[in-house]
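Visitor:
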Ligand code: NDP
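In the UniProt record's numbering, the protein residues as written are 4 to 253.
(1) Find the nearest neighbour of residue 227 within the set 149, 217, 205, judged by alpha-carbon distance.
(2) If you run the structure through DSSP and keep just helix, strand and coil, what is residue 33?
(3) Quick check on the DSSP output: what are the complete alpha helix (DSSP H) runs of length 4 or more inside the stretch 164-188, in order along the chain?
(4) Among 221, 46, 198, which residue has its Cα nearest to the Cα of residue 250?
(5) With distances taken from CA atoms, which of 85, 168, 229 is nearest residue 119?
(6) Kindly indicate which residue of 38, 216, 51 has the alpha-carbon position closest to the one of residue 243.
(7) Along the chain, which unbroken stretches of the alpha helix (DSSP H) at least 4 residues long are found entirely within the stretch 197-224?
(8) Count the other CB atoms, across all protein chains shown, that sit within 10 Å of the CB of residue 153; report buried if there are 16 or more and exposed otherwise.
(9) Considering only residues of the same chain and omitting the five flanking positions on each side of residue 215, which have a CB-CB separation below 7 Å?
(10) Compute every distance between the C-beta of residue 30 and the non-hydrogen atoms of the ligand ATP, then say whether any falls below 8 Å.
(11) Alpha helix (DSSP H) containing residue 154: first to last residue?
(12) Quick check on this structure: which residue in 162, 186, 213, 128 has the alpha carbon closest to the alpha carbon of residue 170?
(13) State buried or exposed for residue 129, treating a residue as buried only when at least 16 other CB atoms are found within 10 Å of its CB.
(14) Would you call the stretch 136-149 and the stretch 177-193 touching, i.e. three or more CB-CB distances under 8 Å?
(15) Leaving out the 5 sequence neighbours to the left and right, which residues in its chain are closer than 8 Å to residue 131 when beta-carbon positions are compared?
(16) Should residue 254 be listed as close to the ligand NDP, given that the test is whether its C-beta is under 8 Å from any heavy atom?
(17) Is any heavy atom of the ligand NDP found at a distance shorter than 8 Å from the C-beta of residue 138?
(18) To the nearest angstrom, how far is the alpha carbon of residue 234 from that of residue 144?
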């Protein structure tokens, strides 16, 4: 019923389905080589977007190499791999500038790249602490800046989505993830002005595989702690026009 959908959207003519489609939209996903970032990128491309997956300048992950040929399945939608380091502010600004030069726009930015380092709280070393904050906090800011600058310049009302974590609001037992917890709290603070953050619970990716695989039954135990009784998946809603009245949400 288009009438209901357009009333919800506050626009005269859009159907609910069109709110979630992203034809001709251009997206950047950092940490898009694998894990949550890659899942997000695939969902955006399925919705019709041209998606740039940025990752450290290493060879594409095996998850990436196994991808179906999205470029052939959709009209304009495609996934492109670009290398970059989110902790390099000027480089990030330049990368997004180049995307805009090529595609003419940037609509969706998912500042998702992040790292996890666990160590005894009282022994946590300075270099490790700095590294986690550098990637998880500065990297998120530089990514959002890079996209936000172009969106402002071009007058595009885009979506900037930061990947925080439930670890930004809870503290993991033992303080092992002191830098990670601190960094994700900072990400939640940064999520303002048509910027939203997502706070995934546990997702089975390269980041979590290490400790999940080490302890038999741990994944089942953590799943049981979640009201849904399972690990999470990724959402398109915040990147779509259906969420344009939503800001600062976690
Ligand atoms: P992964 O480790 O699987 O993926 C993270 C990606 O970020 C990797 O591809 C990694 O590259 C990339 N990356 C790391 N540092 C940089 C950098 N400096 N510049 C560019 N790219 C970089 O992790 P997940 O997919 O699990 O996590 C994605 C996000 O989700 C993170 O922010 C994480 O904190 C958050 N999250 C994850 C949860 C989970 O349960 N998995 C739960 C809650 C939040 P490389 O492959 O080269 O290392």
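For glycine and all other residues, C-beta sits at the position ideal for the given N, C-alpha and C.
Guide: Taking the structure as given:
(1) 205
(2) Residue 33: strand per DSSP, three-state reduction.
(3) Complete alpha helix (DSSP H) runs here, min 4: none at all.
(4) Residue 198 is the option with its Cα nearest to residue 250.
(5) 168
(6) 51
(7) With a minimum length of 4 residues, the continuous alpha helix (DSSP H) runs that stay inside the stretch 197-224 are 209-217.
(8) buried
(9) 207, 221, 222
(10) What this structure holds is the ligand NDP, not the ligand ATP.
(11) From DSSP, the alpha helix (DSSP H) with residue 154 extends over 142-157.
(12) 186
(13) So residue 129 ends up on the exposed side.
(14) yes
(15) 120, 122, 182
(16) Absent from the structure is residue 254, since the part of the chain shown begins at 4 and ends at 253.
(17) yes
(18) 27 Å
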